[in-house]
C-alpha cells in the first residue's frame, strides 16, 4: 500500500493520495491531502489531473466502497484558487478525468448499470458549473 504524490507542473500545488485500502480484486482507495490540508470523510481514486493554469485538479471520488455495490464513483473537481469543489452525479462505474482544454474538462464515464461496461466521453464546462461547494 503506497501513497502517491502529484505535483502541479510549476510545483505551486501538491496533492497527496494516502492509501487506506483497496477493493477486493479491485483498485485502491485513498484519502486526499491538497496543499497540506486533508479532505475529511471522503475517498478518492488515483491518477488526478491538473489544469494547465493549475487552478483545478480533477479526480474520481468513491461514493461507495462496498463490494456488493460494484464501483460507484463520481467526478470531483477542486478549484484551489477559490477553495471550492464540485462533484458530479454518482454513477455505477467510473468517472475518469482525461484532459483539460481551457475551461473544459474531458472525462470518460464507464457505466456498469446495464451489467456490461459502456464508455462515454463527456465534457464538463467549468464556467457553467452552478453547484460549487
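In the working numbering, the protein residues as written are 2 to 134.
Note that the Cβ used here is the ideal one computed from N, Cα and C, for glycine as well.
It should be emphasised that the depicted structure is a prediction, and the values quoted were computed from it without experimental measurement.
{"Item": "My guess is that residue 61 and residue 76 are in contact by the Cβ rule of under 8 Å, so how many angstroms apart are they, rounded?", "Value": "7 Å"}
{"Item": "Between the Cα of residue 63 and the Cα atoms of 56, 54, 42, 50, which residue gives the shortest distance?", "Value": "42"}
{"Item": "Tell me, which residues are paired with residue 81 by DSSP?", "Value": "Residue 81 is not bridged to any residue."}
{"Item": "Check each candidate in 103, 116, 90, 97 and name the one with the smallest Cα separation from residue 109.", "Value": "97"}
{"Item": "In whole angstroms, give me the CA-to-CA distance for residue 28 and residue 131.", "Value": "31 Å"}
{"Item": "Determine whether the beta carbon atoms of residue 55 and residue 11 lie at a separation below 8 Å.", "Value": "yes"}
{"Item": "Measuring CB to CB, does residue 111 end up less than 8 Å from residue 120?", "Value": "yes"}
{"Item": "In the DSSP assignment, what are the bridge partners of residue 65?", "Value": "73"}
{"Item": "Between residue 33 and residue 16, how many whole angstroms is the CB-CB distance? I'm expecting something under 8 Å.", "Value": "7 Å"}
{"Item": "My output table needs one value for residue 130: the three-state DSSP class, helix, strand or coil.", "Value": "coil"}
{"Item": "Out of 114, 87, 99, 118, state which residue places its alpha-carbon closest to the alpha-carbon of residue 129.", "Value": "87"}
{"Item": "In this structure, how does DSSP classify residue 113 when only helix, strand and coil are distinguished?", "Value": "coil"}
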